[in-house]
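Student: Counting from 1 along the sequence shown, just add 16 to a position and that's the residue number in this note's numbering. Cβ atoms here follow ideal geometry from the backbone N, Cα and C, with glycine treated the same way. Mind having a look at this structure? Questions to follow.
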Amino acid sequence: MNFATLTSATSYGRQRTRLAFDYSANLGTTLGLIGIPGVPYVSLPADNDVRKFTQEIRLASPSSSTIDYVLGAYYTHEKSSSLNGGYGYTATGALAPAGCAAVRLPPHERDMARRMMRAYEAMGCEPSWTCAPYQAGHRPAAGSDVAWGESNAVVFCNSVLGARTNRYGDFLDIACAVSGRAPDYGLHRPANRLAALLIDVTGLSQELRRSDVFYPVLGTILGRRAGSAVAVIDGLQGCTNEDRLKALGAAAASAGGVGLFHVAGVTPEAPDLAGALGHVPPRERIALTAQDVAAALAGLSTAGGSERIDAVAIGSPHLSLAEIDALE
Numbered sequence: 017m018n019f020a021t022l023t024s025a026t027s028y029g030r031q032r033t034r035l036a037f038d039y040s041a042n043l044g045t046t047l048g049l050i051g052i053p054g055v056p057y058v059s060l061p062a063d064n065d066v067r068k069f070t071q072e073i074r075l076a077s078p079s080s081s082t083i084d085y086v087l088g089a090y091y092t093h094e095k096s097s098s099l100n101g102g103y104g105y106t107a108t109g110a111l112a113p114a115g116c117a118a119v120r121l122p123p124h125e126r127d128m129a130r131r132m133m134r135a136y137e138a139m140g141c142e143p144s145w146t147c148a149p150y151q152a153g154h155r156p157a158a159g160s161d162v163a164w165g166e167s168n169a170v171v172f173c174n175s176v177l178g179a180r181t182n183r184y185g186d187f188l189d190i191a192c193a194v195s196g197r198a199p200d201y202g203l204h205r206p207a208n209r210l211a212a213l214l215i216d217v218t219g220l221s222q223e224l225r226r227s228d229v230f231y232p233v234l235g236t237i238l239g240r241r242a243g244s245a246v247a248v249i250d251g252l253q254g255c256t257n258e259d260r261l262k263a264l265g266a267a268a269a270s271a272g273g274v275g276l277f278h279v280a281g282v283t284p285e286a287p288d289l290a291g292a293l294g295h296v297p298p299r300e301r302i303a304l305t306a307q308d309v310a311a312a313l314a315g316l317s318t319a320g321g322s323e324r325i326d327a328v329a330i331g332s333p334h335l336s337l338a339e340i341d342a343l344e
């Protein structure tokens with residue numbers, strides 16, 4: 017298997033020989049060796065400020081010691097303590113430390129969540145405590161290879177920022193961070209980032225395309241129609257902003273397996289429709305109607321005809337400052 021490195025090959029030491037990641041504790045499988053010398057890779061642009069990149073490793077001056085196996089955050093911390101120098105990447109936890117008492121978890125589970133977060137911090141991770149780190153300063157440059165988890169962050173990173181990541185699961189991201197490499201497949205490869213599906217919204221009214229509520233609905237349609245395929249949306253030029261694209265991507269990632277979408281004339285890898293498609297015809301073209309949008313919106317509600325609303329839950333993904341201002 018080829019690997020994509022997440023750091024500059026010249027910025028940090030390369031004295032370690034290998035790092036294996038044992039995933040058997042969670043899935044009963046083993047990823048295998050990461051950082052095998054001589055395999056092809058793509059480089060992350062060198063930058064002196066590691067905190068600008070999410071889940072990027074900095075091995076400033078590693079010793080000759082080798083990390084053999086990583087079985088989660090605690091073991092990683094213990095085994096990596098022999099490394100001289102710092103390494104860091106941003107991380108979120110499953111339990112928000114602010115107001116966590118409101119979450120009805122058994123004490124043991126809460127303690128284990130805290131222990132995991134402290135272990136990551138002890139390894140030099142920058143705690144962001146948000147599922148939208150891209151709106152808290154962690155914005156990798158277009159073309160950068162990173163290893164992100166969290167479905168809404170992955171699709172935003174790929175689509176809106178133009179950086180490159182697959183959907184990495186728990187503990188695989190820390191293995192990528194410590195080794196500085198990730199498997200070179202999927203959305204790390206330019207050929208796999210071309211759109212095969214065209215979603216045409218040019219037939220919808222400008223009023224609808226400029227409304228905030230339209231974007232999570234469009235994302236739901238995209239996720240259900242595209243699955244994990246890459247799609248390009250045509251007809252949103254002049255209608256979008258970052259929060260609308262965030263809502264679109266989050267809905268697409270939860271309704272399907274979308275890790276990347278393009279918006280013609282808007283997102284970094286779609287200067288125009290033809291460019292997003294790689295100058296070949298789409299495999300499928302879907303022209304949305306107002307009826308399609310209305311049906312998708314109705315399908316998102318489980319309240320039926322009731323006029324009573326008992327609770328409103330917001331903030332998944334977390335709101336931006338602009339959204340908080342609008343809410344107030």
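1. Write down the C-beta distance between Glu300 and Ala292 rounded to the nearest angstrom, noting that I regard them as a contact closer than 8 Å.
2. Indicate the three-state DSSP secondary structure (helix, strand or coil) for Leu213 in the structure shown.
3. Where Val194 and Leu214 are concerned, what is the direct C-alpha to C-alpha distance, given to the nearest angstrom?
4. Per DSSP, what are the beta-bridge partners of Ile302 in this structure?
5. Would you mind sorting Asp250 into buried or exposed? The rule is 16 or more other CB atoms within 10 Å of its CB.
6. Compute the beta-carbon to beta-carbon distance between Ala268 and Leu238, rounded to the nearest angstrom, for a pair I have assumed lies under 8 Å.
7. Fully enclosed by the stretch 240–291, which beta strand (DSSP E) runs are 3 residues long or longer?
8. Would Asp168 and Leu203 qualify as a contact pair, given that the criterion is a beta-carbon distance under 8 Å?
9. Using 8 Å as the cut-off, can you tell me whether the stretch 208–228 makes contact with the stretch 299–315, which would need three or more C-beta pairs spanning the two stretches below that distance?
10. So, with DSSP's three-state summary, where would you put Glu323?
11. Keeping to the same chain, check which residues put their C-beta closer than 6 Å to that of Ser332; ignore five residues upstream and five downstream.
12. Specify the secondary structure class of Arg155 as computed by DSSP and reduced to three states.
13. Compute the Euclidean distance between the alpha carbons of Gly275 and Ala310, then round it to the nearest angstrom.
14. Fully enclosed by the stretch 167–211, which beta strand (DSSP E) runs are 3 residues long or longer?
15. Determine contact between the stretch 170–187 and the stretch 144–158, defined as no fewer than three beta-carbon pairs at a distance below 8 Å.
16. In chain order, what residues of the same chain lie with their CB nearer than 7 Å to the CB of Ser342, ignoring the 5 residues before and after it?
17. Is there contact between the stretch 225–242 and the stretch 122–135, where contact requires at least three CB pairs shorter than 8 Å?
18. Keeping to the same chain, check which residues put their C-beta closer than 6 Å to that of Leu304; ignore five residues upstream and five downstream.
19. Excluding the 5 residues flanking Gly165 on each side, which residues of the same chain have their C-beta closer than 6 Å to its C-beta?
20. Would you kindly work out how many angstroms separate the C-alpha atoms of Arg226 and Ala247, rounded to a whole number?
21. Looking at the unbroken alpha helix (DSSP H) that takes in His124, where does it start and where does it end?
22. In the DSSP assignment, the alpha helix (DSSP H) including Ala338 goes from what residue to what residue?
23. What are the start and end residues of the alpha helix (DSSP H) that includes Arg225?
24. So what does DSSP say about Asn64, is it helix, strand or coil?
25. For His334 versus Ala148, is the C-beta distance shorter than 8 Å?
26. DSSP on Asp308, reduced to helix/strand/coil?
27. Does DSSP put Pro333 in a helix, a strand or coil?
28. Taking the alpha-carbon positions, what's the Gln253 to Val279 distance?
29. Excluding the 5 residues preceding and the 5 following Pro123 in the sequence, name in chain order all residues of the same chain whose CB lies nearer than 6 Å to its CB.
30. Can you tell me the Cα-Cα spacing of Gly272 and Gln307, whole angstroms?
31. Given that a residue counts as buried once 16 or more other Cβ atoms are within 10 Å of its Cβ, and exposed if not, what is Val229?
32. Can you give the Cα-Cα distance for Arg260 and Tyr231, rounded to whole angstroms?
33. Quick one: Cα of Leu264 to Cα of Leu313, how far?
34. How about Thr318 and Val282: do their beta carbons lie closer than 8 Å?
Tutor: Taking the structure as given:
1. Position 284 of the sequence shown, counting from 1, holds the residue named residue 300. Position 276 of the sequence shown, counting from 1, holds the residue named residue 292. Not really, about 14 Å apart at Cβ, beyond 8 Å.
2. As a first step, residue 213 must be located in the sequence shown, where it is residue number 197. Secondary structure of Leu213 (DSSP, three-state): strand.
3. Within the sequence shown, the letter at position 178 stands for residue 194. Within the sequence shown, the letter at position 198 stands for residue 214. Rounded to whole angstroms, Val194 and Leu214 show a C-alpha spacing of 38 Å.
4. Working through the sequence shown from its first residue, we reach residue 302 at position 286. Beta-bridge analysis with DSSP links Ile302 to Ile215.
5. Against the sequence shown, residue 250 aligns to sequence position 234. Residue environment for Asp250: buried (at least 16 other C-beta atoms within 10 angstroms of its C-beta).
6. Here residue 268 corresponds to residue number 252 of the sequence shown, with the count starting at 1. Here residue 238 corresponds to residue number 222 of the sequence shown, with the count starting at 1. Contact holds; Cβ gap of about 4 Å.
7. Fully enclosed beta strand (DSSP E) runs of 3 or longer: 247–250, 277–279.
8. Translated into the one-based positions of the sequence shown, residue 168 becomes position 152. Translated into the one-based positions of the sequence shown, residue 203 becomes position 187. Residue identity differs from the one stated: residue 168 is Asn in this sequence, not Asp. Cβ atoms of Asn168 and Leu203: not closer than 8 Å.
9. Put simply, the stretch 208–228 touches the stretch 299–315. At least three CB pairs are less than 8 Å apart.
10. Position 307 of the sequence shown holds residue 323. Looking at Glu323 - three-state DSSP - the assignment turns out to be coil, as it is neither helix nor strand.
11. As a first step, residue 332 must be located in the sequence shown, where it is residue number 316. Nothing meets the Cβ criterion.
12. Position 139 of the sequence shown, counting from 1, holds the residue named residue 155. Three-state result, Arg155: coil.
13. Stepping through the sequence shown from its first residue, residue 275 is reached at position 259. Stepping through the sequence shown from its first residue, residue 310 is reached at position 294. Using only the alpha carbons, I get a separation of about 25 Å.
14. Qualifying beta strand (DSSP E) stretches, in chain order: 197–199.
15. Segments in contact, yes.
16. Locating residue 342 in the sequence shown gives position 326, where the first residue counts as 1. Rather than Ser, the amino acid found at residue 342 in this sequence is Ala. In the same chain as Ala342, and ignoring 5 residues on each side of it, no C-beta atom comes closer than 7 Å to its own.
17. No, the stretch 225–242 does not touch the stretch 122–135.
18. Here residue 304 refers to the residue found at position 288 when the sequence shown is read from its first residue. Cβ neighbours of Leu304 beyond the five flanking positions: Val217.
19. Position 149 of the sequence shown, counted from the first residue, corresponds to residue 165. The beta carbon of Gly165 sits closer than 6 Å to the beta carbons of Tyr184, Asp189 from its chain, once the five residues preceding and following it are set aside; these are given in chain order.
20. Against the sequence shown, residue 226 aligns to sequence position 210. Against the sequence shown, residue 247 aligns to sequence position 231. Annotation: Arg226 to Ala247 spans about 20 Å, alpha carbon to alpha carbon.
21. To locate residue 124, count along the sequence shown from 1; it is residue 108. 123–138 is the span of the alpha helix (DSSP H), which, as asked, contains His124.
22. Position 322 of the sequence shown holds residue 338. Under the DSSP assignment, Ala338 falls in the alpha helix (DSSP H) whose first and last residues are 337–343.
23. In the sequence shown, the residue the question calls residue 225 occupies position 209. Start and end: 222–225.
24. By 1-based counting over the sequence shown, the position of residue 64 is 48. Below a pLDDT of 50, predicted positions are generally treated as unreliable, and Asn64, at 31, falls in that range; no measurement from the model is reported.
25. On the sequence shown, position 318 is the one that residue 334 refers to. On the sequence shown, position 132 is the one that residue 148 refers to. With respect to Ala148, His334 sits close: the two C-beta atoms are nearer than 8 Å.
26. Taking the sequence shown and counting its residues from 1, the one referred to as residue 308 is at position 292. Judged by DSSP in its simplified three-state form, Asp308 adopts helix.
27. Position 317 of the sequence shown, counted from the start, is the residue given in the question as residue 333. In this structure, DSSP gives Pro333 a state outside helix and strand, which the three-state scheme calls coil.
28. Counted from its first residue, the sequence shown places residue 253 at position 237. Counted from its first residue, the sequence shown places residue 279 at position 263. C-alpha of Gln253 to C-alpha of Val279: approximately 8 Å in a straight line.
29. Translated into the one-based positions of the sequence shown, residue 123 becomes position 107. Nothing meets the Cβ criterion.
30. Counting from one through the sequence shown, the residue named residue 272 turns up at place 256. Counting from one through the sequence shown, the residue named residue 307 turns up at place 291. Rounded to the nearest whole angstrom, the C-alpha separation of Gly272 and Gln307 is 21 Å.
31. As a first step, residue 229 is located in the sequence shown; it is residue number 213 there, counting from the start. Val229 should be labelled exposed.
32. Locating residue 260 in the sequence shown gives position 244, counting from the first residue. Locating residue 231 in the sequence shown gives position 215, counting from the first residue. Cα-Cα distance, rounded: 6 Å.
33. Stepping through the sequence shown from its first residue, residue 264 is reached at position 248. Stepping through the sequence shown from its first residue, residue 313 is reached at position 297. When only Cα atoms are considered, Leu264 and Leu313 end up about 13 Å apart.
34. Translated into positions along the sequence shown, residue 318 becomes position 302. Translated into positions along the sequence shown, residue 282 becomes position 266. No, Cβ-Cβ distance for Thr318 and Val282 is not below 8 Å.
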